[in-house]
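For the sequence shown, counting from 1, position 169 maps to 272 in the working numbering; every step adds exactly one.
What follows is a short report on a single structure.
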Amino acid sequence: MSKAEFQLVIFDMDGTLTRQNINFDEIRAAIGLDGEPILEALARMSPDDRARAERILRDFEDRAAETSELQPYALEIVEAIRAAGRPTALMTRNTQRSVDIVLRRHNLTFDHIRTRDAGAIKPAPDPVLEICRDFGASPADTWVIGDYHYDILCANAAGAISVHLAEAFDEPPAWSGEARHVVKSLMEFSDLLGLPQPTSSRPILPEAS
């Protein structure tokens with residue numbers, strides 16, 4: 104495949120770079136929520152209720168981060184983008200604390216990290232727009248890959264190139280059609296970007312000390 108034109112690549116974390124290992128229904132049950140989005144529900148709570156809910160959520164997120172596994176080729180694609188002379192960013196609705204745990208665990212680095220601690224979150228376009236501004240990149244030349252609808256909504260609203268990683272779905276959901284591209288693996292995304300293909304993926308778990 105010919106090399107794609109891109110100035111910047113933005114990755115989601117859970118379910119994109121790492122395997123999905125957090126049960127959001129369990130979190131909702133522990134907090135006392137129904138099926139609504141967790142962070143949006145927290146924003147409407149009283150200060151005391153929100154503080155309690157945030158403690159529960161952080162505990163789940165930290166435990167998931169401490170046991171996280173990388174998706175195949177996660178390290179390789181980040182390094183290949185860097186080798187191509189382009190910056191990479193991580194955009195997540197998680198806290199900076201849980202992100203730091205994942206990055207240390209897997210020796211991952213990014214040129215920019217945007218968590219919910221920084222303000223507006225997906226599906227609002229603000230995270231993508233702010234990351235683009237920091238790098239002087241055009242959203243139209245920025246690729247955003249994620250496994251969830253909010254990633255696609257965020258990228259599309261910002262005018263970026265949206266990519267749905269549909270690995271977890273036997274059949275992509277209806278909203279997958281809103282993405283500019285749909286891929287089944289990070290290897291396929293690497294090919295879409297025209298990056299060199301690694302011959303094998305490194306272990307998805309860090310070596311025991």
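Quick reminder that beta carbons are idealized off the backbone N, C-alpha and C, glycines included.
Predicted model only: the values in this text are computed from it and were never measured.
Looking only at DSSP bridge pairs, what is residue i linked to?
i    : result
G249 : H267
V181 : Per DSSP, none; premise fails for V181.
D117 : T121
L173 : T121
V285 : H267
Assuming residue i contacts residue j (C-beta within less than 8 Å), just tell me the rounded distance between them.
i    : j    : result
L111 : F238 : 5 Å
I180 : S293 : 5 Å
I204 : D162 : Wrong, their Cβ atoms sit about 12 Å apart, outside the cutoff.
R196 : I224 : 5 Å
N259 : E281 : 6 Å
I248 : F127 : Actually they do not touch by this definition, with Cβ atoms about 20 Å apart.
L256 : L211 : Actually they do not touch by this definition, with Cβ atoms about 25 Å apart.
V231 : M116 : With 8 Å as the limit, V231 and M116 do not qualify as a contact, their Cβ atoms being about 15 Å apart.
L298 : A187 : 7 Å
R283 : S265 : 5 Å
Q199 : D214 : With a Cβ gap of about 16 Å, Q199 and D214 do not count as contacting.
Where does residue i sit, in a helix, a strand or coil, going by DSSP?
i    : result
M290 : helix
D137 : coil
D165 : helix
L142 : helix
A296 : In the sequence on display, residue 296 carries Leu and not Ala. Residue state, collapsed to three classes: coil.
R153 : helix
F127 : helix
A187 : coil
D273 : coil
R147 : coil
Would you kindly report the start and end of the unbroken beta strand (DSSP E) that includes residue i?
i    : result
A192 : 191–194
I113 : 111–114
8 Å is my cut-off, CB to CB: does residue i come that close to chain C?
i    : result
P175 : Looking for chain C here will not work: only one protein chain is present.
In the segment 207–261, which residue ranges form an unbroken beta strand (DSSP E) of at least 3 residues, counting only runs that do not cross its ends?
215–217, 245–249
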